[in-house]
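Asks: Got a structure for you, questions after.
Numbering (my numbering), first residue to last: 10 to 361.
Here it is, written out as structure tokens:
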């Protein structure tokens, strides 16, 4: 099997670090609301890749986090008059309901950011001690200029990234592209004790911490959407490799957007079509999964009701064909093997 590696921009033969085993990580949802069907596309593709690897005989350890503390979480909890934990509990439960409808298996583990605060603090402290991070009155920032290969995932030098990025104005940072590892507590916010005072982790550091805790210092595949390439995965590489002192991940696997006629599906634009809304309109979520697998994962996929209706018909025929693979109560083994080969070929083609 070959995978397109974002790091090298080439299709590469997949060779695991340890024969017969695959260590795989996916950036999970920020659980302040339901995930929409645009969010679902990469989850479906990651699940398909994982299943195909398992079909090929690999033992896959798949880790997917839940971001359960950030600005969106805090703002939504305040709006609803509940705690951040209550908000997270609600939408993690809803995630599993919708994921089940889409045929997405549970990851091997689903850690929360808030379950790993001590480990996150330990990593940040080492980065501070080694000169890769600095404390400014309780806020800790990563120094991007200290990491010489910053931007290698997006294939852009630091100067180009800086000129093209929307940078938060902050006079306390040494450089505009430096990013937060630890944020000082603001009034009314959840916070944890740290060497820099009460605060909470930044977004990027949780994925580095959680992946290393559950997969170790070397990882086979890191998954995400194309919008994660910069800054999220770029920052993950910088902080992780500065912390461990060597290459961290061999294959970077990114899925393109689901679009509507108005562009990328987005909660901020009010285009918030959830799995439950699909069901309310009479669509089987598995038909939507089939819709996502009809196109190449590295190409944008445009959603419309007409396009989904066309796929529903094909999906229904497929289900009926599979249901007819038995005769007189006995499974038609030859027919089953034929369809297994067809599915394997289709999945392999999509992964390539």
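Heads up, the beta-carbon is just placed ideally off N, CA and C, and yes, glycines get one too.
Indicate whether residue 150 and residue 187 have their beta-carbon atoms separated by less than 7 angstroms.
Replies: Sequence index remark: in the chain shown, residue 150 carries index 141 (1-based). Sequence index remark: in the chain shown, residue 187 carries index 178 (1-based). Yes. Within cutoff.
Asks: Would you mind sorting residue 254 into buried or exposed? The rule is 16 or more other CB atoms within 10 Å of its CB.
Replies: To locate residue 254, count along the chain shown from 1; it is residue 245. Burial call: exposed.
Asks: Taking 7 angstroms as the threshold (C-beta atoms), are residue 320 and residue 299 in contact?
Replies: Counting from 1 along the chain shown, the entry for residue 299 is found at position 290. Counting from 1 along the chain shown, the entry for residue 320 is found at position 311. For residue 299 and residue 320, yes; Cβs fall inside 7 angstroms.
Asks: Return the CA-CA distance between residue 76 and residue 332, expressed in angstroms with no decimal places.
Replies: Within the chain shown, numbered from 1, the residue matching residue 76 stands at position 67. Within the chain shown, numbered from 1, the residue matching residue 332 stands at position 323. Distance between the alpha carbons of residue 76 and residue 332: 40 angstroms.
Asks: For the alpha helix (DSSP H) that residue 319 lies in, which residues bound it at each end?
Replies: Counting from one through the chain shown, the residue named residue 319 turns up at place 310. From DSSP, the alpha helix (DSSP H) with residue 319 extends over 314-332.
Asks: Alpha carbon to alpha carbon, how far is residue 78 from residue 218?
Replies: Along the chain shown, read from residue 1 onward, the residue named residue 78 stands at position 69. Along the chain shown, read from residue 1 onward, the residue named residue 218 stands at position 209. In a straight line, the C-alpha of residue 78 is about 15 angstroms away from that of residue 218.
Asks: Taking the alpha carbon of residue 229 as the point to measure from, which residue in 72, 322, 243 has its own alpha carbon closest?
Replies: To locate residue 229, count along the chain shown from 1; it is residue 220. Ranking the options by Cα distance to residue 229, first place goes to 72.
Asks: Determine the DSSP secondary structure at residue 121, reduced to helix, strand or coil.
Replies: What you label residue 121 is simply residue 112 of the chain shown in a count that begins at 1. Here residue 121 sits in strand by DSSP.
Asks: Considering only the beta carbon of each residue, do residue 239 and residue 313 sit closer than 7 angstroms?
Replies: Mapped onto the chain shown, residue 239 falls at position 230. Mapped onto the chain shown, residue 313 falls at position 304. Result no, Cβ atoms of residue 239 and residue 313 do not sit closer than 7 angstroms.
Asks: Leaving out five residues on either side along the sequence, give the residues of the same chain with a beta carbon under 6 angstroms from the beta carbon of residue 54.
Replies: Walking along the chain shown from the start, residue 54 turns up at place 45. Same-chain partners within the cutoff: 264, 306.
Asks: Quick one: is residue 139 buried, meaning 16 or more other Cβ sit within 10 Å of its Cβ, or exposed?
Replies: Your numbering for residue 139 matches position 130 in the chain shown. Under this definition residue 139 is an exposed residue.
Asks: Which residues does DSSP pair with residue 35 in a beta bridge?
Replies: Residue numbering aside, residue 35 sits at position 26 when the chain shown is read from its first letter. Partner(s): 73, 232.
Asks: Let me confirm a value: residue 12 is counted as buried when at least 16 other C-beta atoms fall within 10 Å, else exposed. Which label applies?
Replies: To locate residue 12, count along the chain shown from 1; it is residue 3. By the neighbour-count rule (16 or more Cβ atoms within 10 Å), residue 12 is buried.
Asks: Suppose you measure from the CA of residue 112 to the CA of residue 50; what does that come to, to the nearest Å?
Replies: The count along the chain shown starts at 1 and reaches residue 112 at position 103. The count along the chain shown starts at 1 and reaches residue 50 at position 41. Straight-line Cα distance between these residues: approximately 12 angstroms.
Asks: Could you tell me the distance, in whole angstroms, from the CA atom of residue 133 to the CA atom of residue 194?
Replies: Counting from 1 along the chain shown, the entry for residue 133 is found at position 124. Counting from 1 along the chain shown, the entry for residue 194 is found at position 185. The straight-line gap from Cα to Cα measures roughly 16 angstroms.
Asks: Kindly indicate which three-state DSSP category residue 169 falls into: helix, strand or coil?
Replies: On the chain shown, residue 169 is found 160 positions in, with the first residue counted as 1. Helix at residue 169.
Asks: Just verifying my parser: in three-state terms, what is the DSSP assignment at residue 51?
Replies: Taking the first residue of the chain shown as position 1, residue 51 is located at position 42. Here residue 51 sits in helix by DSSP.
Asks: Are the Cβ atoms of residue 241 and residue 258 separated by less than 7 angstroms?
Replies: Counting from 1 along the chain shown, the entry for residue 241 is found at position 232. Counting from 1 along the chain shown, the entry for residue 258 is found at position 249. Result no, Cβ atoms of residue 241 and residue 258 do not sit closer than 7 angstroms.
Asks: Give a yes or no on contact between the stretch 323-330 and the stretch 290-299, applying the rule of three or more CB pairs nearer than 8 angstroms.
Replies: They touch, by the three-pair rule.
Asks: Kindly indicate if chain B contains any beta-carbon less than 7 angstroms away from that of residue 266.
Replies: Reference to chain B is not applicable here, since this structure consists of a single protein chain.
Asks: Drop a sphere of 10 angstroms on the beta-carbon of residue 22, count the other beta-carbons inside from all chains shown, and report buried for 16 or more, exposed for fewer.
Replies: Here residue 22 refers to the residue found at position 13 when the chain shown is read from its first residue. Answer is exposed; the Cβ neighbour count stays below 16.
Asks: Smallest Cα separation from residue 43: which of 308, 282, 304, 289?
Replies: In the chain shown, residue 43 corresponds to position 34, counting from 1. Considering only alpha carbons, the answer is 282.
Asks: Helix, strand or coil: which one does DSSP assign to residue 269?
Replies: The residue you call residue 269 lines up with position 260 of the chain shown. Here residue 269 sits in strand by DSSP.
Asks: Considering only DSSP beta bridges, list what residue 22 is partnered with.
Replies: The count along the chain shown starts at 1 and reaches residue 22 at position 13. Its beta-bridge partners are 11.
Asks: DSSP three-state label for residue 210, please.
Replies: Numbered from its first residue, the chain shown carries residue 210 at position 201. Three-state result, residue 210: strand.
Asks: Kindly give me the distance between the Cβ atoms of residue 311 and residue 268, rounded to whole angstroms, as I take these residues to be in contact under 8 angstroms.
Replies: As a first step, residue 311 is located in the chain shown; it is residue number 302 there, counting from the start. As a first step, residue 268 is located in the chain shown; it is residue number 259 there, counting from the start. Sure, about 5 angstroms apart at Cβ, within 8 angstroms.
Asks: When DSSP labels each residue in this structure, what does residue 64 get in the three-state scheme?
Replies: If you number the chain shown from 1, residue 64 lands on position 55. It is helical.
Asks: Would you grab the beta carbon distance between residue 153 and residue 136 for me? Rounded to a whole angstrom, and I think it's under 8 angstroms.
Replies: Here the question's residue 153 lines up with position 144 in the chain shown. Here the question's residue 136 lines up with position 127 in the chain shown. Their Cβ separation, rounded to whole angstroms, is 12 angstroms, which puts residue 153 and residue 136 out of contact at 8 angstroms.
Asks: Considering just the uninterrupted stretch of the alpha helix (DSSP H) at residue 297, what are its terminal residues?
Replies: Position 288 of the chain shown, counted from the first residue, corresponds to residue 297. It spans 294-301 - the alpha helix (DSSP H) in which residue 297 sits, taken as one unbroken run.
Asks: Between the C-alpha atoms of residue 115 and residue 27, what's the straight-line distance to the nearest angstrom?
Replies: Looking up residue 115 in the chain shown gives position 106. Looking up residue 27 in the chain shown gives position 18. Straight-line Cα distance between these residues: approximately 23 angstroms.
Asks: Locate the beta strand (DSSP E) running through residue 144, then write down its first and last residues.
Replies: Position 135 of the chain shown holds residue 144. Counting along the chain, the beta strand (DSSP E) containing residue 144 begins and ends at 142-145.
Asks: Have a look at residue 125 and residue 196 and give me their C-alpha separation to the nearest angstrom.
Replies: Taking the first residue of the chain shown as 1, we reach residue 125 at position 116. Taking the first residue of the chain shown as 1, we reach residue 196 at position 187. Rounded to whole angstroms, residue 125 to residue 196 spans 23 angstroms at the Cα level.
Asks: Suppose the cutoff is 6 angstroms on Cβ atoms and the five residues either side in sequence are ignored; what does the same chain contact list for residue 144 look like?
Replies: Within the chain shown, residue 144 is the residue found at index 135, counting from 1. If we look at residue 144 and ignore the five residues flanking it on each side, its Cβ neighbours are 205.
Asks: Please classify residue 109: is it buried, with 16 or more other beta-carbons within 10 angstroms of its beta-carbon, or exposed?
Replies: Locating residue 109 in the chain shown gives position 100, where the first residue counts as 1. It is exposed - the Cβ of residue 109 has fewer than 16 other Cβ atoms within 10 Å.
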